[in-house]
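What follows is one structure encoded as structure tokens, with my remarks underneath.
Structure below.
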């Protein structure tokens, strides 16, 4: 990924925080003909598994990506965080600037293990539901399913475990601008106030704080 030095993010916790917060990612694996198979998936991050963490996900058994991913090929999972338009009006010298786009993204490079066992797959699905049902008055779980239906559905999917070998992060958050312009951009984002804007302003503030 092309990333000027000002935008490179290497802090493991910040990278994994983004993956956890924006866990619907894009899995990519190369085929034998120079093509790329792509799947858009909800992931579960096990951030304490190994030096860079581990990802778990599932795909339809009919999806060819799982055979590519478990064939020993390198795979990449891409997680896109907050993003948004930055207006020249926000800078101290707006007549000398052009519009740009701020964003944060993480690429997780790794390899997938053999397909999950049924027990591991059930655990993944329960973990995934548990994360996204958190806070519900009556959270859904797979135990509510008819047993025959549950077993039939399990036969139609494949679980993947990806050990992350390397994390690559690009947080383009106006770091190439003066401190005054950075403050103006953060303030304008907060005033515009979309969820992405507020998340970007939070990242800008966090990146300027000592770890």
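In my numbering, the protein residues as written are -1 to 209.
Glycine residues also receive a C-beta, built at the ideal position from the N, C-alpha and C atoms.
Owing to the predicted nature of the structure, the values given are computational and were not obtained by experimental measurement.
Tell me whether residue i is buried or exposed, calling it buried when 16 or more other Cβ atoms sit within 10 Å of its Cβ.
{"i": "residue 106", "result": "buried"}
{"i": "residue 219", "result": "Here the chain covers residues -1 to 209 and nothing more, so residue 219 does not appear."}
{"i": "residue 3", "result": "exposed"}
The beta strand (DSSP E) spanning residue i covers which residue range?
{"i": "residue 171", "result": "No beta strand (DSSP E) contains residue 171, which DSSP labels as neither H nor E."}
{"i": "residue 56", "result": "52 to 58"}
{"i": "residue 143", "result": "Unbroken run through residue 143: none, as it is neither H nor E."}
For residue i, name the three-state secondary structure that DSSP assigns.
{"i": "residue 96", "result": "coil"}
{"i": "residue 166", "result": "strand"}
{"i": "residue 82", "result": "strand"}
{"i": "residue 90", "result": "coil"}
{"i": "residue 195", "result": "helix"}
{"i": "residue 208", "result": "Residue placement at residue 208 is poorly supported in this model, since its pLDDT is 49, which falls under 50; the coordinates still yield a value, given next. Of the three classes helix, strand and coil, the one that applies to residue 208 here is coil, per DSSP."}
{"i": "residue 45", "result": "coil"}
{"i": "residue 130", "result": "helix"}
{"i": "residue 181", "result": "helix"}
{"i": "residue 186", "result": "helix"}
Assuming residue i contacts residue j (C-beta within less than 8 Å), just tell me the rounded distance between them.
{"i": "residue 226", "j": "residue 100", "result": "With the chain represented from -1 up to 209, any question about residue 226 goes unanswered, as that position is not in the structure."}
{"i": "residue 154", "j": "residue 58", "result": "6 Å"}
If you measure from the beta carbon of residue i to each beta carbon in chain C, is any gap under 8 Å?
{"i": "residue 94", "result": "Among the protein chains of the structure shown there is no chain C, as only one such chain exists."}
Would you kindly report the start and end of the unbroken alpha helix (DSSP H) that includes residue i?
{"i": "residue 111", "result": "Here residue 111 belongs to no alpha helix (DSSP H), and DSSP marks it neither H nor E."}
{"i": "residue 18", "result": "10 to 19"}
Below 8 Å, how does it come out for the segment 84 to 91 and the segment 36 to 51: are there three or more Cβ pairs, yes or no? As far as the Cβ criterion goes, the segment 84 to 91 does not touch the segment 36 to 51, which means the pair count is below three.
So, do the segment 138 to 150 and the segment 161 to 172 have three or more beta carbon pairs nearer to each other than 8 Å? When Cβ pairs closer than 8 Å are counted between the two stretches, the segment 138 to 150 is seen not to touch the segment 161 to 172, the count staying below three.
Worksheet item: Does the segment 52 to 70 come within contact of the segment 24 to 31, defined as at least 3 CB pairs closer than 8 Å?
Response: Three or more beta-carbon pairs drawn from the segment 52 to 70 and the segment 24 to 31 are found closer than 8 Å, and the two stretches are therefore classed as touching.
Contact between the segment 69 to 79 and the segment 132 to 146 is defined here as three or more beta-carbon pairs at a separation below 8 Å; is this criterion met? No contact exists between the segment 69 to 79 and the segment 132 to 146.
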